[in-house]
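Novice: Structure incoming, see below.
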Amino acid sequence: MSGADPQVDGPSAFGRMTPAANPYASCDDHMLATALKNEFSMLDAFKKDGKLSQRALQQIAGEAPNQSAVAERIILLAREILNRPRLNEAIVANGGFITTDSLSKAADSRVGNTHPDRHSADPFHSKTDAEVVRAFRAMFDELRDTAEDYSFFFEKHRYVKTDKLLEMSQDPDETDKKGDVVRDAATGFPKKRYSEQQVYLARNLVERSGLLASLESSKANGTRFFGSHNTEGWLKNYSIDRWLENDRKEKGN
Numbered sequence: 001m002s003g004a005d006p007q008v009d010g011p012s013a014f015g016r017m018t019p020a021a022n023p024y025a026s027c028d029d030h031m032l033a034t035a036l037k038n039e040f041s042m043l044d045a046f047k048k049d050g051k052l053s054q055r056a057l058q059q060i061a062g063e064a065p066n067q068s069a070v071a072e073r074i075i076l077l078a079r080e081i082l083n084r085p086r087l088n089e090a091i092v093a094n095g096g097f098i099t100t101d102s103l104s105k106a107a108d109s110r111v112g113n114t115h116p117d118r119h120s121a122d123p124f125h126s127k128t129d130a131e132v133v134r135a136f137r138a139m140f141d142e143l144r145d146t147a148e149d150y151s152f153f154f155e156k157h158r159y160v161k162t163d164k165l166l167e168m169s170q171d172p173d174e175t176d177k178k179g180d181v182v183r184d185a186a187t188g189f190p191k192k193r194y195s196e197q198q199v200y201l202a203r204n205l206v207e208r209s210g211l212l213a214s215l216e217s218s219k220a221n222g223t224r225f226f227g228s229h230n231t232e233g234w235l236k237n238y239s240i241d242r243w244l245e246n247d248r249k250e251k252g253n
């Protein structure tokens with residue numbers, strides 16, 4: 001695809017679109033971010049102080065092709081971006097606005113096509129970073145190291161070691177006390193130490209650019225004098241809660 005000018009067949013109803021319904025559906029995420037950046041100067045009527053809001057992007061996507069002052073290719077581009085939660089999250093800068101800088105950053109960092117209808121065994125394939133972190137928070141108690149538990153008044157402090165997430169992401173076999181691989185009695189195949197859901201969650205936490213590091217940053221732990229300071233290599237339940245709250249504020253939600 002060159003620029004932002006794919007071949008379009010005509011109007012489509014706005015909403016959740018299947019890949020076949022939109023010519024942008026086959027494009028990788030970085031191409032869509034680049035395409036919107038190239039069209040950014042055409043969207044002045046929808047901007048505020050040179051920035052594009054999520055509501056404005058939704059307004060563009062809701063325009064009727066061939067009945068709008070907005071070019072059909074831009075309408076379809078906006079629809080496809082909104083169909084991809086991970087991409088839509090990536091193009092938003094702090095404060096909840098889309099800018100040329102945030103689009104450039106997304107174009108440089110996004111890899112692959114994260115349309116929800118693209119086949120993937122990974123249940124987190126199309127999920128945003130925030131959705132992955134929420135899934136991690138929901139699984140936190142079962143992954144925690146109980147030896148690190150402690151309570152302070154009504155607060156229950158729980159910890160997960162980052163090394164455990166790295167181990168989980170490798171999908172290791174279960175072993176016995178001697179270190180020998182445990183095999184399924186019926187099939188003879190090695191048993192896995194972690195569930196498939198846990199393995200995919202860990203892979204997303206570990207492999208998504210900058211995500212695991214951000215869970216150990218000030219976004220999760222606060223400033224030097226305020227907040228929760230973890231021992232290096234450990235993630236705390238309250239820090240994950242703080243990360244989610246700060247992420248919500250950053251996105252303007």
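In terms of the UniProt record's numbering, the sequence shown opens at residue 1 and continues consecutively.
By construction, the Cβ of each residue, glycine as well, lies at the ideal position given by its N, Cα and C atoms.
Nothing here was measured: the structure is a model prediction, and the numbers come from that model.
#1: Which class does aspartate 180 belong to by DSSP, given the choice of helix, strand or coil?
#2: For aspartate 173, decide whether its Cβ has a neighbour in chain B, counting only Cβ atoms nearer than 9 angstroms.
#3: Tell me the rounded alpha-carbon separation between glycine 95 and glycine 188.
#4: Measure from the alpha carbon of arginine 158 to the alpha carbon of each residue in Ser104, Asn237, Asp247, then state which is nearest.
#5: When you compare only the Cα positions, how much space is there between alanine 20 and aspartate 117?
#6: Count the other CB atoms, across all protein chains shown, that sit within 10 Å of the CB of phenylalanine 154; report buried if there are 16 or more and exposed otherwise.
#7: Quick check: the stretch 158 to 169 against the stretch 203 to 210, are there 3 or more CB pairs under 8 angstroms?
#8: Quick check: the Cα distance between alanine 35 and methionine 139, rounded to an integer number of angstroms?
#9: Taking the straight line between their C-alpha atoms, what separation do you get for valine 160 and leucine 143?
#10: Cutting at 8 angstroms between CB atoms, please list the residues of its own chain near glutamate 80, excluding the five before and the five after it.
#11: Take glycine 3 and list the residues in its own chain whose beta-carbon comes closer than 8 angstroms to its own, dropping the five residues that flank it on each side.
#12: Please indicate yes or no: does the CB of arginine 73 lie closer than 8 angstroms to some heavy atom of the ligand PLP?
#13: For a test of the three-state rule: what should DSSP assign to phenylalanine 154, helix, strand or coil?
#14: Nearest CA to the CA of proline 85: which residue from Asn113, Arg183, Ala135, Ser102?
#15: Select from Asp241, Ala186, Gly233 the residue whose C-alpha is nearest the C-alpha of aspartate 145.
Specialist: Put simply:
#1: It is coil, neither helix nor strand.
#2: Included in the structure is just one protein chain, with no chain B present.
#3: Looking at the two C-alpha atoms, the distance is approximately 54 angstroms.
#4: Among Ser104, Asn237, Asp247, the Cα nearest to that of arginine 158 belongs to Asn237.
#5: At alanine 20, the pLDDT of 49 sits below 50, so the modelled position is not reliable and the matter cannot be decided from this model.
#6: exposed
#7: yes
#8: A straight line joining the alpha-carbon of alanine 35 with that of methionine 139 spans about 37 angstroms.
#9: 6 angstroms
#10: Met17, Asn22, Tyr24, Ala25, Cys27, Leu32, His115.
#11: Model confidence at glycine 3 stands at a pLDDT of 46, short of 50, so the residue's coordinates are unreliable; what they give is reported in the following sentence. Same-chain partners within the cutoff: Ala35, Asn38.
#12: For the ligand PLP, the structure offers nothing, since it holds no ligand at all.
#13: coil
#14: Asn113
#15: Gly233
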